[in-house]
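All remarks here apply to the structure that follows.
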Amino acid sequence: MSKIVIISGSPTTSSRLFALTDFAKETLENEGHHVEHIKVASLSAEALIKADFNHPDIAIASKVVAEADGVIIASPVYKATYTGVLKTFLDLLPQKGLAGKKVLPLFIGGTISHLLAIDYGVKPLLNALGAHTIHTGVYAIDEWVTKDENQGYIVQEQLITRLKQALGEYKAWFN
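Final position of the sequence shown in the numbering used here is 1449; the numbers increase by one with none missing.
In structure tokens:
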């Protein structure tokens, strides 16, 4: 089966974004795909900021991306676009680091008014990195994901339906 890497650009460890990425990881793994998850905020901040391509965190993460067949780009939306921490990591990938890879964006933001962050924000960047097979993606709003009393996530059915549809179409690209 295919190797897929999820690149999460949330600067926090408790982001609602992880409800989306955890759902995607579980769904794809249940279909037999090998999925790795890079949480950019867990990489060396100094290496990211100083563009230390040789730092072990950066080198390992870049190798995971290079070996992947598909990439899921996930980010909360701040100021109408993806996070700076995600951009910092993507800047460290080779110029055509996403060439030949199938890409699925998963974004979450405070309001529906940032829906076009995928089309106008991240897709041009993904194209610049060589990605030409980019799925429409899923944009969710914060209120569709809530935390339960055990610090888990409750995802509204409408979002689950959209995630299942997007992941179904994404998986079909690998057949």
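Note that the Cβ used here is the ideal one computed from N, Cα and C, for glycine as well. For clarity, every value in this text was computed on a predicted model and none was experimentally measured.
Could you give the first and the last residue of the continuous beta strand (DSSP E) run that contains residue i?
i, result
"Y1413", "V1412 to I1415"
"L1378", "K1376 to G1383"
"K1299", "Element bounds for K1299: not the beta strand (DSSP E) but the alpha helix (DSSP H), L1291 to N1304."
"T1420", "V1419 to K1421"
"Y1427", "Y1427 to V1429"
"I1280", "K1277 to S1282"
Residue i: which of the options sits nearest, CA to CA?
i, options, result
"L1367", "V1338, S1284, H1406 and S1318", "V1338"
"I1408", "E1431, P1285, L1322 and P1379", "P1379"
"S1276", "V1345, T1357, L1400 and S1284", "V1345"
"I1386", "L1360, S1282, F1448 and E1417", "E1417"
"I1415", "V1351, V1359 and A1440", "V1351"
"F1381", "L1437, I1332, D1422 and A1333", "L1437"
"Y1413", "K1421, T1435 and N1424", "T1435"
"K1376", "D1365, N1401 and T1357", "N1401"
"W1447", "I1281, N1424 and H1406", "H1406"
"T1362", "I1332, L1433, E1431 and A1373", "I1332"
"L1317", "V1429, E1423 and I1334", "I1334"
"T1286", "S1336, D1326, G1358 and I1392", "G1358"
"T1410", "K1421, G1283 and E1443", "E1443"
"G1306", "I1278, H1329 and D1296", "I1278"
"E1431", "F1297, D1326, H1329 and S1284", "F1297"
"A1373", "K1353, Y1356, D1365 and D1343", "D1343"
"I1281", "Y1356, H1329 and G1384", "Y1356"
"D1393", "N1424, A1354 and Q1425", "A1354"
"D1365", "S1336, D1422 and G1383", "S1336"
Measure how close the beta-carbons of residue i and residue j come, nearest whole angstrom, since I'm counting them as under 8 angstroms.
i, j, result
"H1311", "K1299", "6 angstroms"
"G1395", "K1370", "Rounded, the Cβ-Cβ distance is 20 angstroms, inconsistent with contact."
"A1348", "L1294", "6 angstroms"
"L1360", "V1314", "6 angstroms"
"L1302", "L1441", "7 angstroms"
Identify the continuous alpha helix (DSSP H) that holds residue i and give its terminal residues.
i, result
"L1400", "K1397 to A1402"
Original post:
Enumerated in chain order, which unbroken segments of the beta strand (DSSP E) with a length of 3 residues or greater are wholly contained in the segment 1311-1390?
Top reply: The segment 1311-1390 contains these whole beta strand (DSSP E) runs: 1344-1350 and 1376-1383.
Original post:
Taking one C-beta from the segment 1321-1330 and one from the segment 1284-1298 each time, how about it: are there three or more such pairs within less than 8 angstroms?
Top reply: Here the segment 1321-1330 does not lie against the segment 1284-1298, with fewer than 3 beta-carbon pairs under 8 angstroms apart.
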